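2 protein chains.
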Amino acid sequence: MSNRRLKGSRRTTPPPTPRRPRADKAARLDLGVLDGHLGYFIRRLQVWVFQDFIRTLATIDIRPAQYSVLVVIAANPGASQSQIAATLGIERARLARLLNKLEKRDLVERLESPSDARSHALRLTRDGNRTLKRARTLAAKHETRLAEILGPERHKLLIDSLRDSSC
Amino acid sequence: MSNRRLKGSRRTTPPPTPRRPRADKAARLDLGVLDGHLGYFIRRLQVWVFQDFIRTLATIDIRPAQYSVLVVIAANPGASQSQIAATLGIERARLARLLNKLEKRDLVERLESPSDARSHALRLTRDGNRTLKRARTLAAKHETRLAEILGPERHKLLIDSLRDSSC
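Protein sequences appear in the order of chains A and B.
Per my numbering: the first sequence = residues 45 to 211.
Per my numbering: the second sequence = residues 45 to 211.
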């Protein structure tokens, strides 16, 4: 069932770039009940989108989670670690490890919070701002490629639909 | 910008179940350019869907990738490891580790392939079939909950849209 559908969509929308990772047609088996599971399809797309992102930003060695943290710190200078963790849905321990690495690379600095001695206010360093500027340009290229491959309507529909679900 | 949108969508579509993981409104910061990145939203939803799946199938200790493999083997008895890997987009080394665990739990067996001495034909054991039957029932409950939380139209739209992108 699923195979037929996949083949159907393949005929009408051929891969527009050679970078699109597709399994050999002949190797595709029946997906069985996976064909009705959102989690299966969302994971496939997520892995593929992240691979493209990582490849696109490889020259500046910025991975998706690092990019998210840099973007949100830049958009909210002085925000606390717990605010960043809550906004991005990252566990606090994982965010702490991530920030340690960014701090070692001199991209982020932790300042004493004027309002709460127990928490730190986060800010990008000058190098952090410079790296983020390059990262934004590369991430925009990645996003343009996604829109080309998925088709601009489907790309927009997916972003709008996922943003509204805001899990 | 993003905060306003998130708040807007939150007002019109309140969380219908208490299990829906939402950060404290007050803690949400501006997402900056993340608000235009498909990868960000798809990752958030994927993590949340997987957490719900793992929780729902915890009693039988079947995780998403294990479920996918069991489903596809059952739908294609005798398929080879490389066919399963290609269909699910799993690296062969990872699939081999996954199959070792399922074999140790006596859920999957590798038989000599009648057509190719170098490859194995995969099949579920009797226990494998029994476990998959329970897994399917639990996974269907998980899917029903997703449809309730996302709304049935958005749930269907996301599955159809992601299936057609078939990355």
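Glycine included, C-beta positions come from ideal geometry on N, C-alpha and C.
Quick caveat: nothing in here was measured; it's all calculated off a predicted structure.
Does the Cβ-Cβ distance between B/Leu89 and A/Ser112 come in under 9 Å? no
Proximity of B/Leu82 and A/Phe85 at Cβ, strictly below 9 Å: no
Using the Cα positions of B/Ala184 and A/Arg162, report the straight-line distance between them to the nearest angstrom. Answer to the nearest angstrom: the Cα atoms are 45 Å apart.
Going along the chain, which residues of the region 82-95 of chain B sit with their C-beta nearer than 9 Å to a C-beta in chain A? Answer in chain order: Leu82, Gly83, Tyr84, Phe85, Ile86, Arg87, Arg88, Leu89, Gln90, Val91, Trp92, Val93 and Phe94.
Endpoints, the alpha helix (DSSP H) within which A/Glu192 is located: Arg170 to Leu194
With a 10 Å radius around its C-beta and 16 neighbouring C-beta atoms as the bar for buried, classify A/Leu155 as buried or exposed. So A/Leu155 counts as exposed.
Assign B/Leu151 to one of three DSSP states: helix, strand, or coil. coil
DSSP bridge partner residues for B/Glu156 (one or two, in chain order): Answer is B/His164.
Which residues in the same chain as B/Ile203 place their Cβ atom closer than 7 Å to its Cβ, once the five residues preceding and following it in sequence are excluded? none
Beta carbon proximity, A/Asn173 to chain B, threshold 9 Å: no
Environment of B/Asp96 [buried if 16+ CB atoms lie within 10 Å]: buried
Same chain only: Cβ atoms within 8 Å of A/Ser126, ignoring 5 sequence neighbours per side: Arg136 and Ser163
Measure from the C-beta of A/Pro108 to each C-beta in chain B and report whether the shortest distance is under 9 Å. yes
Contact belief for A/Ile117 with A/Arg167 at Cβ below 8 Å, rounded distance in angstroms: 7 Å
Which bits of chain A does B/Val116 rub up against, with CB to CB less than 8 Å? Annotation: Cβ neighbours of B/Val116 in chain A (cutoff 8 Å, chain order): Leu73, Asp74, Leu75, Gly76 and Leu78.
Note down, in chain order, each residue of its chain lying with its Cβ closer than 7 Å to the Cβ of B/Ala179, except the 5 sequence neighbours on either side. Leu101, Ile104, Ile106, Tyr111 and Leu114
Anticipated Cβ contact below 8 Å, B/Arg87 with A/Ala130, distance rounded: With 8 Å as the limit, B/Arg87 and A/Ala130 do not qualify as a contact, their Cβ atoms being about 16 Å apart.
Proximal residues, the region 176-194 of chain A versus chain B, C-beta separation under 9 Å: If you check each beta-carbon in the region 176-194 of chain A against every beta-carbon of chain B, the ones closer than 9 Å belong to Arg180, Ala183, Ala184, His186, Glu187, Leu190, Ala191, Ile193 and Leu194.
Short Cβ contact (9 Å threshold) for B/Leu190 with B/Val93: yes
Consider the Cβ of B/Asn144: report whether some Cβ of chain A lies at a distance smaller than 9 Å. no
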